[in-house]
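*Asks:* I have a structure here, written as structure tokens, and I will follow up with some questions on it.
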Amino acid sequence: MSILLDRDTRVLVQGITGQEGRFHTELMLAYGTRIVGGVTPGKGGTREQGLPIFNSVDEAVAATGAEASILFVPPLYAADGIAEAAAAGIRLVVATTDGMPVHHMLRLLPWLQRTSCRLIGPNCPGIISPGQAKLGFMPNTAFAPGPVGMISKSGSLSYEVAHCLTQAGIGQSTVAGIGGDPVRGTTYTDLLPLFCTDPDTRVLVLLGEIGGVEEERAAAWLQANGCPKPVVAYLVGRHTPEGRRMGHPGAIWRGESGAWQKKVAALTAAGAVVVRSPWEVAEQVAALTQR
Amino acid sequence: MFAEGSAVLAALARCGLPPAPPEAAPLGRLSLAVDGRGAVVLSIVPAAAPEPAEGADPGLTPAAEDVDLGSGPWPFQVRRLCQQAGLAAATPVLAAAVPALWAAFAGLQCLALTVAVAAGAQKEPLAVTASVELDLNLRQSNPAVAELLNSLESSPTLRLKRLGVDYIPMSGGRVGLISVGAGETMAAIDLIAQHGEQAAAFCDISGGVTATAVAAALAEVCAAGVGSILINVFGGVTRVDRVAEHLLAVLAQAPPGVPVVVRLEGTGAEAGRALVQAAGHDTPATLRAAVAQAVALAGGKAP
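Residue numbers (the numbering used here), protein chains in the order written: chain A, 1361 to 1651; chain B, 0 to 302.
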């Protein structure tokens, strides 16, 4: 089991004929992802890596029964591609796109909320259910199938922590990179309920960082709803300078606003075990899974 | 990227809010910003209130109202905020400034825009000071953003951003850190601190893995007077072997004069490590070992 994505999920690639789309389609296919077609306006009727190409997501969904999509389109066109997928009835869209303007997301989100589509991203590595499928560009070697569900704002940090877990012999059920932009499609609180009820997820790992209020909201959700599984949290940015954006547009703190200490306090109060390094995540999870 | 001064005032003037004479006393400060929830909020505070810090979450401001992107701020919201801020008497002037503020916010597609407003002779609103936080993703597609960026004094942060490198100097650090990915870079900064040293900068090259970008990043880090350099790359979309190639070319051309520790993992890591080892550099197997080594070489107290 896993959440959102498994080996049977029928996937479209929007922007499949571009350099990045082509490259990552090959890698995702090799990993086992069930890609059923691609979309590039104007190239309908052609084929790419044996897959049919369609002019629109509507056509692709009608012909293939696709339920998920991943975009490899330039940042300024990503919102349009996401909206098109949602309008066509796609239930899961992954936007790895880095550099999507924040105001595009501000326009898109209310529109998405009127559909049944879940957006992962933008500016994220995607989602992987190890051993089954991946929608994104995570390095395969960092991940292995197992009982840990992970949510991360940062792609690179999720690789690091998954690598530590895998090296310790602990695999993952699903790892979702939700992205580091200030406005994103999916947050911790959207995924926590899914992991809490996933029978194959035994431990949750929450990777966070300075900025915004989402870690605090995750803590509030855990306190209000409880989680039958232990939660291990690792938050970065404690030693970053105040008032500066640390790469991710949302990663900034000032005073108490967005501060590491406040997030750690909230998660600790909610019962999460907060650790201070990637390898301590693995040590803590090992201890919890051996109980 | 934060900008203020005459270029921002000029942008506001184009939207219908002209600059005030230097002696004008502001009545209140109006701000539109994207907050930590991903909402746009309007806040109004008295001019004498403490300056909102860059990075402060406007959603946490007591007197703030969510703004609908389609409609923009409604006049009743402005009246309510003025009332809450004790600025009821100034409501007509401040309310008259809001459409221009909204037009500039939407036109610049910025993360935050703040303006201190004074009243002119005819009770018309005038801008005394203004600041904006720009979305650098728009630097090539939005001419108004490009114009504002061009008006800024060049800084290492801006210069490197043009090469795709996120660079934030941090004072006093002895470990020159160059990393890939914002989260991984912050993790390395924290781990270096846990080992008793400080990183010299936040330097994330994930948006600019070219020889030019790597050279510029390395030069900037070296200029900070570091005792060692830690290159930490866990590549996903970034090909680690490509980073290694660029890095070795740069190191051969401009040796930094301090020890370099290179930790490579992820996509293409095996090939990357082989290249780096062949060039005589250390490649610790884990981030833990790499941080400890870099701190020790910088003269710190690695455990």
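Don't be surprised by glycine CBs; every beta carbon is placed ideally from N, CA and C.
Note that the structure is predicted; figures quoted are calculated from it, not measured.
1. Mind checking which residues open and close the beta strand (DSSP E) that includes M1510(A)?
2. Determine the burial state of L1647(A): buried for a count of at least 16 other Cβ atoms within 10 Å of its Cβ, exposed for fewer.
3. Do you know how far the Cα of S1514(A) is from the Cα of G256(B)?
4. Taking only beta-carbon positions, decide if A1502(A) is within less than 8 Å of chain B.
5. Which class does F1555(A) belong to by DSSP, given the choice of helix, strand or coil?
6. Using a Cβ cut-off of 8 Å (strictly closer), state whether Q292(B) contacts chain A.
7. From P20(B), Y166(B), V290(B), N149(B), pick the residue whose C-alpha is nearest to that of Q193(B); which is it?
8. Using a Cβ cut-off of 8 Å (strictly closer), state whether T1600(A) contacts chain B.
9. Write down the C-beta distance between L313(B) and L247(B) rounded to the nearest angstrom, noting that I regard them as a contact closer than 8 Å.
10. Smallest Cα separation from R1562(A): which of Q1532(A), Q1583(A), A1536(A), S1637(A)?
11. What residues are listed by DSSP as bridge partners for D1366(A)?
12. Among G1398(A), P1542(A), L1525(A), which residue has its Cα nearest to the Cα of V1565(A)?
13. Under three-state DSSP, which class holds V144(B)?
14. Which parts of the stretch 1385-1434 of chain A are runs of the beta strand (DSSP E), unbroken and 3 residues or longer, counting only runs that do not cross its ends?
15. Do A1420(A) and A1426(A) come within 8 Å of each other at the CB atom, strictly closer than that value?
16. What is the C-beta distance between C14(B) and I43(B), in whole angstroms, given that I count them as a contact (C-beta under 8 Å)?
17. What separation, rounded to the nearest whole angstrom, lies between the Cα atoms of H1464(A) and A1439(A)?
18. Just verifying my parser: in three-state terms, what is the DSSP assignment at N1585(A)?
19. Are the C-beta atoms of V1399(A) and some chain B residue less than 8 Å apart?
20. Thinking just about the alpha-carbon of each residue, which of T1424(A), V1462(A), R1598(A) is nearest to the one in L1653(A)?
21. Give the secondary structure of P258(B) by DSSP, where H, G and I count as helix, E and B as strand, and everything else as coil.
22. Given that R36(B) touches chain A, what residues does it touch there, using C-beta distances under 7 Å?
23. So, does the CB of P283(B) fall closer than 8 Å to a CB anywhere in chain A?
24. Looking at chain D, which residues of the stretch 145-165 of chain B have a Cβ within less than 8 Å of any of its Cβ atoms?
25. Would you kindly check if the distance between the Cβ of E64(B) and the Cβ of R78(B) is under 8 Å?
26. Run through chain B and tell me which residues come within less than 9 Å of Y1519(A), C-beta to C-beta.
27. Consider the Cβ of Q193(B): report whether some Cβ of chain A lies at a distance smaller than 8 Å.
28. Name, going along the chain, the residues of the stretch 15-44 of chain B whose beta-carbon falls closer than 9 Å to a beta-carbon of chain A.
29. Within 10 angstroms of its Cβ, does E1444(A) collect 16 or more other Cβ (buried), or is it exposed?
30. If you reduce the DSSP assignment to three classes, tell me which class Q193(B) lands in.
31. Please state the DSSP three-state secondary structure of A1647(A).
32. What residues from the stretch 1544-1557 of chain A come within 8 Å of chain B, judged by C-beta to C-beta, listed N to C?
33. Closest to N1483(A) by C-alpha separation, out of G1381(A), A1642(A), G1610(A), A1626(A), would be which residue?
34. Looking at chain A, which residues of the stretch 99-111 of chain B have a Cβ within less than 7 Å of any of its Cβ atoms?
35. Kindly indicate the opening and closing residues of the beta strand (DSSP E) around Q1374(A).
36. Can you tell me where the beta strand (DSSP E) holding E1616(A) begins and where it ends?
*Replies:* For this structure:
1. 1505-1512
2. Reading off the sequence shown, one finds Ala at residue 1647(A), where the question assumed Leu. Counting Cβ neighbours within 10 Å, A1647(A) comes out exposed, since fewer than 16 surround it.
3. 33 Å
4. yes
5. helix
6. no
7. V290(B)
8. yes
9. In the structure as shown, chain B begins at 0 and stops at 302. Residue 313(B) is therefore absent and cannot be evaluated.
10. Q1532(A)
11. In DSSP, D1366(A) forms no bridge with anything.
12. L1525(A)
13. helix
14. 1395-1399, 1411-1414, 1428-1431
15. yes
16. C14(B) to I43(B), Cβ: 18 Å. No contact.
17. 6 Å
18. helix
19. no
20. The question about residue 1653(A) has no answer here: the residues shown for chain A are numbered 1361 through 1651.
21. coil
22. V1573
23. no
24. Among the protein chains in the structure shown, which are A and B, there is no chain D.
25. no
26. G180, E183, F233, G234, G235, E264, G265
27. yes
28. V33, D34, G35, R36, G37, A38, V39
29. buried
30. helix
31. helix
32. R1544
33. G1610(A)
34. Q108, L110
35. 1371-1374
36. No beta strand (DSSP E) contains E1616(A), which DSSP labels as neither H nor E.
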